[in-house]
Structures are given as C-alpha cells and as structure tokens.
Amino acid sequence: NAVVLLGPPGAGKGTVSEVLVGKGYTHVSTGDLLREQIRLETTLGLEAKQRMDQGKFVPDDVVVGMIRDLLQSSDANANFLFDGFPRTLVQAEKLDELIEALSGTLEEVVLLQCPDEVIVERLSGRRTCSKCGMVYHIKYNPAVQEGKCDIEGCELMQRPDDNSETIKKRLDVYKEQTAPLITYYEAKGLIHPIDAAKSIAEVRLAVLARIG
Ligand code: AP5
Ligand code: ZN
Numbered sequence: 002n003a004v005v006l007l008g009p010p011g012a013g014k015g016t017v018s019e020v021l022v023g024k025g026y027t028h029v030s031t032g033d034l035l036r037e038q039i040r041l042e043t044t045l046g047l048e049a050k051q052r053m054d055q056g057k058f059v060p061d062d063v064v065v066g067m068i069r070d071l072l073q074s075s076d077a078n079a080n081f082l083f084d085g086f087p088r089t090l091v092q093a094e095k096l097d098e099l100i101e102a103l104s105g106t107l108e109e110v111v112l113l114q115c116p117d118e119v120i121v122e123r124l125s126g127r128r129t130c131s132k133c134g135m136v137y138h139i140k141y142n143p144a145v146q147e148g149k150c151d152i153e154g155c156e157l158m159q160r161p162d163d164n165s166e167t168i169k170k171r172l173d174v175y176k177e178q179t180a181p182l183i184t185y186y187e188a189k190g191l192i193h194p195i196d197a198a199k200s201i202a203e204v205r206l207a208v209l210a211r212i213g
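Taking full-length UniProt numbering, the leading residue of the sequence shown gets 2, the next gets one more, and so forth.
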C-alpha cells in the first residue's frame, strides 16, 4: 500500500518523512534517488543533473522506470511513502497502474500547503549533509555546531538548485505541472490538505494524526 506526500518544493516533504519512517513506512523520494545517481556518476544521473540544476523535471519515463524497478524488487507487504512522486499527471496514472498490478491501494494523498514566500525562505536557508543526507535549516532547524552535521560532524552544503533563480523556476514548474494532481486526487476522494506553513513540530503532528 502507499501514501503520497504532495506539495511544492520546500513545503517540508522530506522533513515530515523522517518521522514516518519510524512508523513503518518505506520512504521513497525520487529527488533522493536521482541525487544518488548523480553521486554515482551514472549516465542517468549525469543527464538528470542538467535538468535538476535548472529546476526542470527529469523525463517521466526515467522517473517511472526508477519507481517500477523499486516496487518490483520490494517486499509486497511494504507501505510506501512517496515524496516528490508523482509530479505530473502521466506519473500519477502510471503510479495507479503500478499499484494495481501489485494488488495494492493508494490510501491517502497528504497535501502540504505553503505560500511562496515561506518556501523561498525555507529553501534559501536549507543546508544538507553531504554524507548522510540530514536536512537542516539555518534558522528553523540549525545544526548544533554551525555548518557541521550533528551526526558525524561532516560539512553541510547548499543544494545546487537552492538558489533564488532556480527556486523561482521550481515554483513555476510546480504550479504548471504538479498542481493539477490536486484535482486528479480530489476526484478520487484521496486529498487531505495540511497547513505546512506551521512549525516543524506542528506539521509533523498533523501528518502523524492523519497517517501515522
Ligand atoms: P526534490 O528533491 O524532490 O525537491 P523538491 O520537491 O523541490 O523538494 P525539496 O526536497 O526541495 O523540499 P521538501 O518539501 O522535501 O522540503 P524539506 O523537508 O527539505 O527534487 C529535486 C529535483 O529532482 C526536481 O526539481 C526535479 O528536477 C527532479 N525530480 C524529483 N522528482 C521528480 C519527479 N517525480 N519527476 C521529475 N523530476 C523529478 O524542507 C525545506 C527546508 O525547510 C529545510 O531546510 C527544512 O529544515 C525546513 N523546514 C521544513 N519544514 C519546516 C517547517 N514546518 N517550518 C520551518 N522550516 C521547515
Ligand atoms: Zn551527516
């Protein structure tokens, strides 16, 4: 079975996912999967990087292929938490097919709602550990020691797509290509909106109350 976390870039999908992993969900972030391919310098990763650095989407067939491989090699009883997937209507339809083929159910779509100006502040202040992937915010979720990851003390970095120009592009692409999914899932009665402009603790509680 599966749950989808839908919402604009920087709404806090990854941050919310951290607590759901402890509740038995398998976290699947297409952004993380693509960054792993970039790190490994695969052909897929190198092609994806060009688009990601510009705030553009990676082609549907590439992303759907990654998800198909992952679902087919996973335990049939797993509960998936999709973060950043699906992002286009084509991807949403493919996900329905994949879930149906596994006799699973898409149980909920949690929509993290957040105004643009909050998103810009969150993404501009985001810092990520280059080693373990932990996500921080210089103001809302700072590391104990500035610029260093709490886990192993390694260097924190800024994602290449977290600059103001690319953030704006990502917001435009979201509105154009991903926002239509809200209507798609509303028609199926699956959408549950959550006010993601609140604090990290409040947003996590609201999501846990819904699907934890
Ligand atoms: P992806 O990695 O999925 O990026 P995104 O959707 O832009 O989302 P983010 O990871 O930036 O944000 P988030 O919502 O997880 O927020 P976070 O929790 O980090 O995708 C990157 C790129 O890959 C795409 O642009 C595209 O090119 C490609 N791609 C990925 N999936 C694809 C697909 N399906 N199809 C095609 N292309 C695809 O939080 C952000 C910051 O805010 C952090 O610093 C955090 O500490 C802070 N924060 C979080 N919550 C709060 C809160 N409540 N209050 C205060 N601060 C908060
Ligand atoms: Zn780390």
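The beta-carbon is built from N, C-alpha and C at its ideal position, and this holds for glycine as well.
Can you find a heavy atom of the ligand COA that lies under 7 Å from the Cβ of P10?
Judged by which ligands are present, the ligand COA is missing from the structure shown, whose ligands are the ligand AP5 and the ligand ZN.
Buried or exposed for S104, going by 16 or more other Cβ atoms inside 10 Å?
Indexing the sequence shown from 1 puts residue 104 at position 103. Exposed: under 16 other Cβ atoms inside 10 Å.
Beta-carbon distances below 6 Å to any heavy atom of the ligand ZN define the shell here; list its residues in chain order, please.
C130, K132, C133, M135, C150, I152, E153, C155
With which residues is G158 paired in a DSSP beta bridge?
Sequence index remark: in the sequence shown, residue 158 carries index 157 (1-based). Per the sequence presented here, residue 158 reads as Met, with Gly not at that position. DSSP, once it has assigned bridges, lists T129 as partnering M158.
Using only the alpha-carbon positions, how far apart do G25 and N80 sit?
Here residue 25 refers to the residue found at position 24 when the sequence shown is read from its first residue. Here residue 80 refers to the residue found at position 79 when the sequence shown is read from its first residue. Distance between the alpha carbons of G25 and N80 is about 7 Å.
Decide if the region 116–124 is in contact with the region 53–70; the criterion is three or more beta carbon pairs, one per stretch, under 8 Å apart.
no
By the three-class DSSP mapping on this structure, what secondary structure does A180 have?
Residue 180 sits at position 179 when you count from the first residue of the sequence shown. DSSP places A180 in coil when its eight states are reduced to three.
Can you tell me which of the three DSSP states S30 falls into?
The sequence position of residue 30 within the sequence shown is 29, counting from 1. Correct three-state label for S30: strand.
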